[in-house]
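Using mature numbering (1 follows the signal peptide of the UniProt record, and there is no 0), the letters of the sequence shown map in sequence onto residues -28 to -1, 1 to 208. By construction, the Cβ of each residue, glycine as well, lies at the ideal position given by its N, Cα and C atoms. The structure presented is a predicted model; accordingly, all values stated were derived computationally and were not measured.
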Amino acid sequence: HISLLFQSNSARAASLSSVLILLDLSAAFDTVNHQILISSRQELGVSGSALSLLSSYLDGRTYRVTWRGSVSEPCPLTTGVPQGSVLGPLLFSLYTNSLGAVIRSHGFSYHSYADDTQLILSFPPSDTQVAAQISACLTDISQWMSAHHLKINPDKTELLLFPGKDSTTQDLTVNFGNSMLTPTLTDSQLSLTPNITATTRSCRYSLQHQENTSSSHSEGCPGTDSGSCHLPPGLL
């Protein structure tokens, strides 16, 4: 997103680091609670025929299950908004409208459309409380999600770090539920080159160490006549 790039570059020019959090939701469209959705629309001023039309769009939907050639009887669909429809993303955005206040209360800016939500925070590289601030924000977001029948997937939620100008790499490992979020290092152009370089260097070191260890124990390798032991070609 251009706005994210602009914000991270502006922060970097001011010698600030930035962290971008990409939230991942599990089966988001399927778990929207219709009653909460209708109530939230009323709070935004939707009423009368517009509200009735919205209610009729959601009410009376059913689903069937097909299994080995057999089709079940229709069952009422009491949650969710239709995916692939024009209204689906809009209804989900309206459903999560109040989440913005939770995010802003922790000092984050955010960008959101449907179930795609990104949080961004800029901070001095010397700030040692950022990890705790991120963790507190994610905890409150998770609680809001639970109250609205939604769920964050910690294993697929990503954390990207944009180091400030001339700043050193920071340890921003964040506790999130039972998971640990480790930041992926990026640069001012939203490139993953620093992270790719670091990963490549680590892999080369590990492979070289494995090769050296293999060579030093060559006499103990079974199935070789010459006493030498080699790694599979695909690993080098």
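Do the stretch -24 to -4 and the stretch 125 to 137 meet, that is, are 3 or more Cβ pairs less than 8 Å apart? yes
What residue range does the beta strand (DSSP E) around Q90 cover? 88 to 95
With a CB to CB cut of under 8 Å and the five nearest residues on each side skipped, what residues in its chain are close to T145? A103, M152, L153, T154, P155
Across the stretch 123 to 133 and the stretch 56 to 64, are there enough close Cβ pairs to call them in contact, namely three or more that are closer than 8 Å? no
DSSP beta-bridge partners of V(-10): L93, L133
Based on DSSP bridge pairs, tell me the residues matched to M152. N147
Secondary structure of H120, DSSP reduced to three states: coil
Among F148, L133, G149, nearest to N(-20) - alpha-carbon criterion: L133
Same chain, Cβ closer than 7 Å to M117, neighbours up to 5 away in sequence not counted: K123, I124
Put P61 into one of helix, strand or coil per three-state DSSP. helix
In three-state terms, what does DSSP make of H6? helix
Quick one: does the C-beta of I(-8) sit closer than 7 Å to a heavy atom of the ligand ADP? With respect to small molecules bound, the structure shown includes none, and the ligand ADP cannot be examined in it.
Suppose the cutoff is 8 Å on Cβ atoms and the five residues either side in sequence are ignored; what does the same chain contact list for L65 look like? First, the amino acid is wrong: residue 65 is Ser here, not Leu. Within the same chain, S65 has close Cβ partners S84, Y85, A86.
Which parts of the stretch 11 to 86 are runs of the alpha helix (DSSP H), unbroken and 4 residues or longer, counting only runs that do not cross its ends? 20 to 30, 59 to 67, 71 to 76
Please state whether the Cβ-Cβ distance between I(-8) and L131 is less than 8 Å. yes
Beta-carbon proximity of S77 to I92, cut-off 8 Å: no
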